[in-house]
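All remarks here apply to the structure that follows.
2 protein chains.
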Amino acid sequence: MDIAIVLFDYFTALDAIGPLEVLALLPDSTVTLVTETPGVVRSERSGLSLNVAASLDDVPAPDVLVVPGGPGQAAQMGNERLLDWIRTAHLTSTWTTSVCTGSLLLGAAGLLTGKRATSYWLAMDELSSLGAEATFERVVVDGKIMTAAGVSSGIDMALTLAARIAGDLVAQTIQLNIEYDPQPPFDAGSEAKAPAEAVEGLRSRSRFKLPATR
Amino acid sequence: MDIAIVLFDYFTALDAIGPLEVLALLPDSTVTLVTETPGVVRSERSGLSLNVAASLDDVPAPDVLVVPGGPGQAAQMGNERLLDWIRTAHLTSTWTTSVCTGSLLLGAAGLLTGKRATSYWLAMDELSSLGAEATFERVVVDGKIMTAAGVSSGIDMALTLAARIAGDLVAQTIQLNIEYDPQPPFDAGSEAKAPAEAVEGLRSRSRFKLPATR
Chain X
1 MDIAIVLFDY FTALDAIGPL EVLALLPDST VTLVTETPGV VRSERSGLSL
51 NVAASLDDVP APDVLVVPGG PGQAAQMGNE RLLDWIRTAH LTSTWTTSVC
101 TGSLLLGAAG LLTGKRATSY WLAMDELSSL GAEATFERVV VDGKIMTAAG
151 VSSGIDMALT LAARIAGDLV AQTIQLNIEY DPQPPFDAGS EAKAPAEAVE
201 GLRSRSRFKL PATR
Chain A
215 MDIAIVLFDY FTALDAIGPL EVLALLPDST VTLVTETPGV VRSERSGLSL
265 NVAASLDDVP APDVLVVPGG PGQAAQMGNE RLLDWIRTAH LTSTWTTSVC
315 TGSLLLGAAG LLTGKRATSY WLAMDELSSL GAEATFERVV VDGKIMTAAG
365 VSSGIDMALT LAARIAGDLV AQTIQLNIEY DPQPPFDAGS EAKAPAEAVE
415 GLRSRSRFKL PATR
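Listed in order, the protein sequences are those of chains X and A.
This note's numbering numbers the first residue of the first sequence as 1 and each following residue consecutively.
This note's numbering numbers the first residue of the second sequence as 215 and each following residue consecutively.
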C-alpha cells in the first residue's frame, strides 16, 4: 500500500502528522511525504519545517492520498499542478482523503461535486460553494473519498481508514500503540460544545468569509 | 512565556507536534524547538525529519520545557549534556513536562524521585525503576512536573497546561481551534480496553524488558 501525504508551505503540522503516525503503522505499507518542489516545507508554525524528499511526480499513483489543510491551502486553490496531481492520483487511488481545509483542495480539483464531505468547522460554507454536500460529522466517507473535520480529526480518520484497509484488529492495535485514549480536560472541541465566547472569538478572526448569522 | 520542546533523533513526531500545535496558540508565548546540535533531526518515521535551528544553549531557561519520547529516548539516557540541560532548565521552569517515554529522560535527570508520574504504557516499569511513583493516568501533575502517557496524550496534557497557564477559556478556545472533539472508531486506546491480542502483540515486540506476567 503506497500512501502519499501531500505537503505545501504553511500546512498545519498536526493535520499531516496525526495520520502519518497512524498510517505508518499499517503492515506492508509505505508512507511518503510529497510536495511540488522537494526541499524544505514550512508549516503554519514559525520554526517548524520539514524536509520533503519526494516530488509529486515521484508518486503519481498512490493507493492512498492524504491532503492536509492549514492556512497555506488558500494559496494552492489555483495551483493547477497540484490540483492536476490530485485529480490524476484520484483516478487510480483506493482512498482519496483529506484533513481540515485539505477538503477544499479536493473540492477545487473537482472531486467533491455532489459528494458528502466535511472540513474545518469555519470552512464549511466554502466547502459547500465548491459543490460538496457539507456534512457536520468528524469523519465522512462517500465512496472512496474520506474527509475529516479540523486538525486533530485526522487521527480519527486515519484509524477509520486503517480499519477499512487492514481490519479492526490492526486499527485497534495502532490505536493502542499511539495510546489514543483521549481525555481532554474540557468538552469544547466543536462549535456546538465550546463556550460562545470561544466560538465568537475564533469566528471573528477567521480567514473565511462567513454569513453574519448562522 | 518561553516554551522549549526538546528534540533528538528518532523522537516520535506526534509526541512533539501535538503539544506544539496547542501551545503555539497560547497568547504571549513563543514555542522553540531545541536540540543538542542544530540542523536536521530525524523522527522515528523514515522520511520525516525536522529542521531545528536552536541549540540547547540558545534556550537555557525556558518557562516551560516539553520532553517528547520515542525510540530515540533510549540513546539519550546517558547523554549528560541533555540531562544537564533538563536539570538546569527545571531549576527555573514554571512547568517541566514530558510526553510518552520523555518521562524516562526526566527520570534519568533525577527529577522524578518520589514523584507521581506517567509514561508510555509499556514503559511504566522502567519509570518506576527511575524512582518515580508510576501512575496509570493520562496526565499526571505533581508540583510543577506534568507528565503524559503515550504519544497522543500530549494533546490532552498541553490543553491541561494551557488552562493552568492562561485559564479555562483560553484552553477551550485552543481546543475548538484544533477541533479536538475526539471520536475514535474504537475504544482500544489503553491496555485495559484494547483487545488482548492487540496488547500481547505490542508487548511481545516491546523494547522494554517486562515481567512475564503482570
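Every residue, glycine too, gets a C-beta built ideally from N, C-alpha and C.
Keep in mind that this is a model prediction, so the values were computed, not measured.
For this session: Run down chain A in chain order and give the residues with a C-beta less than 8 Å from the C-beta of residue 199/X.
Result: 390
Problem set entry | CB contact check: residue 67/X to chain A, cutoff 8 Å | no
Problem set entry | Close Cβ partners of residue 205/X (< 6 Å) along its chain, the five nearest in sequence each way excluded | none
For this session: Return the residues of the region 157-176 of chain X that lie within a Cβ-Cβ distance of less than 8 Å from chain A, sorted by chain order.
Result: 159, 160, 163, 168, 169, 171, 172, 173, 175 and 176
Exercise. Which whole runs of the alpha helix (DSSP H) in the region 366-409 of chain A are 4 residues long or more, in chain order?
Worked result: 367-380 and 382-391
Problem set entry | Exposure of residue 402/A, with buried meaning 16 or more beta-carbon neighbours within 10 Å | buried
For this session: Tell me whether residue 332/A is buried or exposed, calling it buried when 16 or more other Cβ atoms sit within 10 Å of its Cβ.
Result: buried
Problem set entry | Assigned exposure category for residue 229/A - 16 Cβ within 10 Å defines buried | buried
Exercise. Since residue 19/X contacts residue 157/X with CB under 8 Å, what's their CB separation in whole angstroms?
Worked result: 7 Å
For this session: Using a Cβ-Cβ cut-off of less than 7 Å, list which residues of the region 316-341 of chain A approach chain X; keep chain order.
Result: 334 and 335
Problem set entry | Euclidean distance between Cα positions of residue 134/X and residue 338/A | 44 Å
For this session: Would you check if the distance between the CB atom of residue 185/X and the CB atom of residue 363/A is smaller than 8 Å?
Result: no
Exercise. Taking only runs of the alpha helix (DSSP H) that begin and end inside the region 68-139 of chain X, which ones reach a length of at least 4 residues, in chain order?
Worked result: 73-76, 80-92, 102-108 and 124-129
Problem set entry | Residue-level contact to chain X via CB, residue 287/A, 8 Å cutoff | no
Problem set entry | the region 245-260 of chain A touching the region 303-315 of chain A, judged by at least three CB pairs closer than 8 Å | no
Exercise. Tell me the DSSP bridge mates of residue 146/X?
Worked result: 97/X and 141/X
For this session: Use the C-beta contact count for residue 259/A: other C-beta atoms within 10 angstroms, 16 or more gives buried, fewer gives exposed.
Result: buried
Problem set entry | CA nearest to the CA of residue 8/X, picked from 110/X, 81/X and 196/X | 81/X
For this session: For residue 344/A, I'd like the list of residues in its chain whose CB is within less than 7 Å of its CB, leaving aside the five on either flank, ordered along the chain.
Result: 318, 321, 322 and 326
Problem set entry | Endpoints, the alpha helix (DSSP H) within which residue 18/X is located | 13-23
Exercise. Based on the DSSP secondary-structure assignment, which residues constitute the bridge partners of residue 245/A?
Worked result: 217/A
Exercise. Can you tell me whether residue 92/X is buried or exposed, with buried defined as 16 or more other CB within 10 angstroms of its CB?
Worked result: exposed
Problem set entry | Contact list for residue 33/X against chain A, beta-carbon separation under 8 Å | 261 and 262
Exercise. Taking just the CA atoms, how far does residue 334/A sit from residue 278/A?
Worked result: 21 Å
For this session: To the nearest angstrom, report how far apart residue 43/X and residue 353/A are at their CA atoms.
Result: 27 Å
Exercise. So what's residue 417/A in DSSP terms, helix, strand or just coil?
Worked result: helix
For this session: With residue 255/A as the anchor, note down where its beta strand (DSSP E) starts and where it stops.
Result: 253-256
Exercise. Residues bridged to residue 52/X by DSSP?
Worked result: 39/X
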